[in-house]
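As given, the protein sequences belong to chains A and B, one line each in that order.
Start counting the first sequence at 1; every next residue gets the next number (the working numbering).
Start counting the second sequence at 1; every next residue gets the next number (the working numbering).
Just below is one structure, and these are the notes that go with it.
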Amino acid sequence: MIDTLNEPREIDAAEIDRAASAANEPGWVRESRRAAFERYAAMPQPTERTPGWRRADLTGIDFSPAPMGASAFAVEAAAADLERGVVACSLSEALAMHERVVRGALERVHRAQTLGKFSALAESAWREGAFVYVPDGVELSSPIHLTSSAGSYPRLLAIVGKNARASIAETHRCGSRLSAGVTDLILEDGAHLTYAHVQECGERTVALSHQRARLARDAKLVTLNFGIGGRFARADIEVELLGPGAESDMLGLVFAERSQQFDYHTVQGHRAPSTRSDLLFKSALGGSAHAVYTGVIIIEKFAQKSDAYQANRNLILSDGARADTEPMLEIEANDVRCTHGATVGPIDEEQLFYLQSRGLDASDAARLVVEGFFAEVLQKVGDERLTGSLQEKVAPHLGRDGGA
Amino acid sequence: MAVKQEMLVDKDYKYGFRDETQNYSFKSRKGIDHDIVEQISVMKKEPKWMRDARHRALDIFFAKPMPPWANLELLGQINFDDIFYYMRASDVEGKTWEEVPEDIKRTFDRLGVPEAERKFLGGVTAQYDSEVVYHSMRRDLEAQGVLFSDMDSGLREHEDIVRKYFGTVIPAADNKFSALNTSVWSGGSFVWVPAGVHVSVPLQAYFRINAESMGQFERTLIIAEPGSFVHYIEGCTAPTYSSNSLHSAVVELVAMEGAHIRYTTIQNWYKNIFNLVTKRAVAHKNSHVEWVDGNLGSKLTMKYPSVYLVGEGARGDVLSVAYASAGMHQDAGSKMVHAAPNTTSLITSKSVSKGGGRTTYRGLVKVYEGCDGVKSNVRCDALLMDEDSRSDTYPTMEIDAKNVRIEHEATVSKVGEEQLFYVMSRGLTEVEATTMIVNGFFEPFVKELPMEYAVELNRLIALEMEGSVG
């Protein structure tokens, strides 16, 4: 709502400078915003010929920048955890109170960044944002929930300290025309993080998200991307395994209807020996929806003894739905185990037949199969506090468009 | 140690000799332009439509950029101005073995062509440089009404058939190299199998490159009329040269209703050859097209045999193996385009990278809207023999239909320690054990080959595996 009121204000370098001054931000933040905006401006608007965008149907999709309305997150964290030194607040606040920590983390992120056009925009134009810091050795008693319902540039920075344990859910419900977000997850040695990214934006929203995770030695990350909203939703999810023994499980679930488009890009970067990654992305597609999955496993020369898996499963529920899948491997080390698989198909006739033979009617049987298709992914997250409500979000849609 | 082994392999490279043929009756100058194209066409006394097609294709070749996704570092090494685009060994074609000139015969002796002649009892088209110099056709093939000749003769003697199909499966504008081939093609095979005819022996053709910086641009067209069957085998091996050579073929297959074409290739170009080949088949109703494709040599191979399944019930299979050692990049794969319901495809790809070699699988499975009942399975396995080698897998699936079953699976790994340990516990050395495991890895491919090829392939693998351990 706030966006629409501010709509006339064009975003440009001067505007970004003004906002940074008004917020009284340190000079290095202003510099980094300015540099990000330059990168944004230097990259062309995506068309169907732009590498990485070719499979999308961009007709009628408006990528022009939205104004710099604040993207505040509602933050829920247990008081007991905050007393133990956990920080959960807006990124602006964190800049004021914990500048050294924030600066250190962002410098690490920026050194290695693989920024796309819209993450550059988000990095130049974010306001408020969110920040989570879990000190070394602390185990969160309950998950931290971060919910963004307005604004166009949600920005999250989360740091999980050595041997700390945390669960974080980031939920997007904004209804603005454009939402371009950036999430950075930093896992120190031995840190464990379970992270859910829930995208339930409005029907007209172009929802873009860039998620980058950096894992140090023996860190373990489980991520779930749950996509149900938006008109055109794209997520770039990159996990960099930088220390020996680091492990990543990447999960994805998309339920698409109408003419929704979901375009998911993943990177499993094995940059250290003895690292492990697993990926399971599933989509169920009704209406004339279109899902694209493009993912790459990279195993660098020195990342020997790595183990990587990647699976993309697409369930086609209606005649007009489409799925493109491009799972890729780039392997430069030989002492590795690397496997991937992809499937596209309708609901299995045999499963339907089996359920119907047990007395279910056709639509109940189909609903059950789709629920089961999703349940496999949700179970793998391993934290019901994050996933408990997600199955229910899909349920109301199944009666309408799911089934057969 | 490794260097020494490499030299040993080079010295023993079976067909790495160089023949002293100097009596070329025609030698075009290096480089390519409309004059050269005109000259080729005039020399061949071609009809105007073919000459026009060549000139149009040349403009397309000039205009088209290199494919942006390719290994441009290697492709950039091709100097198109430093290549001969047309050459022929003699003006007269030998109809029997005795008529073939002696020096050329010596080359083929070492290649085993006469033996193949005896053993296969099939037609042999041996291409020497850019022109077919020897070509025999068994009498019963003629009796069956099968047309099997070099492409130049095919155009002269059966212009109506050639004109009907030439460039329809692979238009000149398909890619930069199909455009180049269309403008300067020479030689290759023309095969037409009448309806219902089952050709019981494989048709064979040997291709060679035998002049320094000599390009070879053969053009093959195979038409299988309804209900017919034909197996075509193309094997190539080239002598050692120091400067880069370009091989860029176009192969078009048309399988009419219920027809079955199997096309087997083994390429063992020497490590200085760019092998940039476009191969595609159109499969009509209930027909079956199989590509059996072995890539063992060349500096850079780019080859993605495709089947366009345009008739209901058509089936396409690709079985391919690739081997890449130092300085080599095998960029191979397959394309299956399902444009009709109830069509099926199966792609099996196996690759081995060794000593810094690089293998890439690049593929596409496309299913158009409304094509229900499509089934496709893609399976890629890659072996990495050492830490310097590299393997990439780039499959793409574009699925626009609902009731289809599309599966892709790929693995990349090294030779299993357990496998190795097991075989060595039976008394084999590590080299022998590795060779055996790699041979076993290629087995599904090898067993699809005629005996001579299978034996030779196993020997080549053994040779290549020397020095792969320790």
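Cβ atoms here follow ideal geometry from the backbone N, Cα and C, with glycine treated the same way.
In this text, all values refer to a predicted model and were calculated from it rather than measured experimentally.
Item to complete: Using a Cβ-Cβ cut-off of less than 7 Å, list which residues of the segment 346-364 of chain B approach chain A; keep chain order.
Response: none
Worksheet item: If you drop the 5 nearest sequence neighbours on each side, which residues of the same chain put their C-beta closer than 6 Å to that of residue 414(A)?
Response: A question about residue 414(A) goes unanswered here, because the residues of chain A that appear run from 1 up to 404.
Discussion item. At the level of alpha carbons, what is the spacing between residue 110(A) and residue 213(A)?
Written reply: Your numbering for residue 110(A) matches position 110 in the first sequence. Your numbering for residue 213(A) matches position 213 in the first sequence. Rounded to whole angstroms, residue 110(A) and residue 213(A) show a C-alpha spacing of 12 Å.
Worksheet item: Expressed to the nearest angstrom, what Euclidean distance is found between the alpha-carbon atoms of residue 175(B) and residue 278(B)?
Response: Along the second sequence, read from residue 1 onward, the residue named residue 175(B) stands at position 175. Along the second sequence, read from residue 1 onward, the residue named residue 278(B) stands at position 278. Approximately 9 Å, taken between the alpha carbons.
Practice prompt. Check whether the Cβ of residue 336(A) lies closer than 8 Å to any Cβ atom in chain B.
Written response: Locating residue 336(A) in the first sequence gives position 336, counting from the first residue. Taking Cβ atoms only, chain B reaches closer than 8 Å to residue 336(A), which makes this a yes.
Practice prompt. Let me know the secondary structure DSSP gives residue 19(A) once reduced to three states.
Written response: Against the first sequence, residue 19(A) aligns to sequence position 19. In the structure shown, residue 19(A) sits in a helix (DSSP, three-state: H, G or I).
Fill in: residue 343(A): contacting residues in chain B (beta-carbon distance under 7 Å)
Locating residue 343(A) in the first sequence gives position 343, counting from the first residue. Within 7 Å Cβ-Cβ: 406 and 407.
Discussion item. Any beta carbon from chain B within less than 8 Å of residue 327(A)'s own beta carbon?
Written reply: Here residue 327(A) is taken as the residue at index 327 of the first sequence, counted from 1. Judged by the 8 Å Cβ criterion, residue 327(A) is in contact with chain B.
Item to complete: Give, in chain order, every residue of the segment 380-394 of chain B whose Cβ lies closer than 9 Å to some Cβ of chain A.
Response: So the close ones are 380, 382, 383, 384, 385, 386, 387, 388, 389, 390, 391, 392, 393 and 394.
Worksheet item: Roughly how many angstroms lie between the CA atoms of residue 345(A) and residue 326(A), to the nearest whole one?
Response: Translated into positions along the first sequence, residue 345(A) becomes position 345. Translated into positions along the first sequence, residue 326(A) becomes position 326. Taking the straight line from one Cα to the other gives about 15 Å.
Worksheet item: Alpha carbon to alpha carbon, what distance is there between residue 362(B) and residue 388(B)?
Response: Sequence index remark: in the second sequence, residue 388(B) carries index 388 (1-based). Sequence index remark: in the second sequence, residue 362(B) carries index 362 (1-based). Taking the CA atoms as reference points, residue 388(B) sits about 21 Å from residue 362(B).
Worksheet item: Which value, in whole angstroms, describes the spacing of the CA atoms of residue 405(B) and residue 433(B)?
Response: As a first step, residue 405(B) must be located in the second sequence, where it is residue number 405. As a first step, residue 433(B) must be located in the second sequence, where it is residue number 433. When rounded, the distance between both Cα atoms is 38 Å.
Item to complete: Let me know if residue 171(B) comes out buried or exposed under the rule of 16 or more other beta-carbons within 10 Å of its beta-carbon.
Response: Position 171 of the second sequence, counting from 1, holds the residue named residue 171(B). Burial call: exposed.
Worksheet entry | Burial state of residue 285(B), where buried means 16 or more other Cβ atoms lie within 10 Å | Mapped onto the second sequence, residue 285(B) falls at position 285. Classification for residue 285(B): buried.
Discussion item. Checking 8 Å against the spacing of the C-beta atoms, do residue 251(A) and residue 223(A) come in under that value?
Written reply: Your numbering for residue 251(A) matches position 251 in the first sequence. Your numbering for residue 223(A) matches position 223 in the first sequence. Yes. Within cutoff.
Discussion item. Which same chain residues end up closer than 8 Å to residue 458(B) when comparing Cβ atoms and leaving out the 5 residues on each side of it in sequence?
Written reply: What you label residue 458(B) is simply residue 458 of the second sequence in a count that begins at 1. Here the set comprises 439 and 446.
Worksheet item: Below 8 Å, can you find three or more Cβ-Cβ pairs linking the segment 124-143 of chain A to the segment 219-239 of chain A?
Response: no
Discussion item. Can you tell me whether residue 141(A) is buried or exposed? The criterion is at least 16 other CB atoms within 10 Å of its CB, across all chains shown.
Written reply: Working through the first sequence from its first residue, we reach residue 141(A) at position 141. With fewer than 16 other Cβ atoms within 10 Å, it is exposed.
Worksheet item: Does the beta carbon of residue 480(B) come closer than 8 Å to any beta carbon on chain A?
Response: The shown model of chain B, from 1 to 470, leaves out residue 480(B), and the question about it has no answer.
Item to complete: Note the first and the last residue of the continuous beta strand (DSSP E) segment covering residue 131(A).
Response: For the purposes of this step, residue 131(A) is taken as residue 131 along the first sequence, with counting starting at 1. Counting along the chain, the beta strand (DSSP E) containing residue 131(A) begins and ends at 128-134.
Worksheet item: Enumerated in chain order, which unbroken segments of the alpha helix (DSSP H) with a length of 4 residues or greater are wholly contained in the segment 216-301 of chain B?
Response: none
Worksheet item: According to a CB-to-CB cut-off of less than 7 Å, which residues of the segment 240-265 of chain A neighbour chain B?
Response: none
Item to complete: Throw me the rounded Cβ distance for the residue 135(A) and residue 190(A) pair, which I believe falls under 8 Å.
Response: To locate residue 135(A), count along the first sequence from 1; it is residue 135. To locate residue 190(A), count along the first sequence from 1; it is residue 190. With 8 Å as the limit, residue 135(A) and residue 190(A) do not qualify as a contact, their Cβ atoms being about 13 Å apart.
Worksheet item: In three-state DSSP terms, what is residue 406(B)?
Response: Position 406 of the second sequence, counted from the first residue, corresponds to residue 406(B). In this structure, residue 406(B) counts as strand in the three-state DSSP scheme.
Worksheet item: Exposed or buried, what is residue 12(A) when buried is set at 16 or more other beta-carbons lying within 10 Å of its beta-carbon?
Response: Residue numbering aside, residue 12(A) sits at position 12 when the first sequence is read from its first letter. When all chains shown are included, residue 12(A) counts as exposed.
Worksheet item: How is residue 334(A) classed by DSSP in three states: helix, strand or coil?
Response: Here residue 334(A) is taken as the residue at index 334 of the first sequence, counted from 1. Looking at residue 334(A) - three-state DSSP - the assignment turns out to be coil, as it is neither helix nor strand.
Worksheet item: How is residue 269(A) classed by DSSP in three states: helix, strand or coil?
Response: By 1-based counting over the first sequence, the position of residue 269(A) is 269. DSSP places residue 269(A) in strand when its eight states are reduced to three.
Item to complete: Can you give me the Cβ contacts of residue 219(B) inside the same chain, cut-off strictly under 6 Å, excluding the 5 residues immediately before and after it?
Response: Looking up residue 219(B) in the second sequence gives position 219. Hits under 6 Å: 151, 185, 188 and 250.
Worksheet item: Would you say residue 346(A) reaches chain B, if we count a Cβ-Cβ gap shorter than 8 Å as a contact?
Response: Along the first sequence, one-based indexing puts residue 346(A) at 346. So yes, residue 346(A) belongs to the interface.
Item to complete: Return the residue from the list 218(A), 192(A), 194(A) and 225(A) that minimises the CA-CA distance to residue 208(A).
Response: If you number the first sequence from 1, residue 208(A) lands on position 208. Cα-wise, what sits closest to residue 208(A) is 225(A).
Worksheet item: Helix, strand or coil for residue 428(B) per DSSP?
Response: Translated into positions along the second sequence, residue 428(B) becomes position 428. The answer is coil: DSSP assigns residue 428(B) none of H, G, I, E or B.
Worksheet entry | Burial state of residue 414(A) (16 or more Cβ within 10 Å) | Within the shown structure, residues of chain A are numbered from 1 to 404, placing residue 414(A) beyond reach of any answer.
Practice prompt. Output, in sequence order along the chain, the residues in the segment 49-61 of chain B whose CB is closer than 7 Å to any CB in chain A.
Written response: none
Item to complete: Identify the contact partners of residue 333(A) in chain B, using a Cβ-Cβ distance below 7 Å as the criterion.
Response: On the first sequence, residue 333(A) is found 333 positions in, with the first residue counted as 1. Near residue 333(A) (Cβ distances below 7 Å), the residues of chain B are 387.
Worksheet item: Of the residues that make up the segment 62-89 of chain B, which ones have a beta carbon closer than 7 Å to any beta carbon in chain A?
Response: none
Worksheet item: Name the DSSP bridge partner or partners of residue 192(B)?
Response: In the second sequence, counting from the first residue as 1, residue 192(B) sits at position 192. Answer is 147(B) and 223(B).
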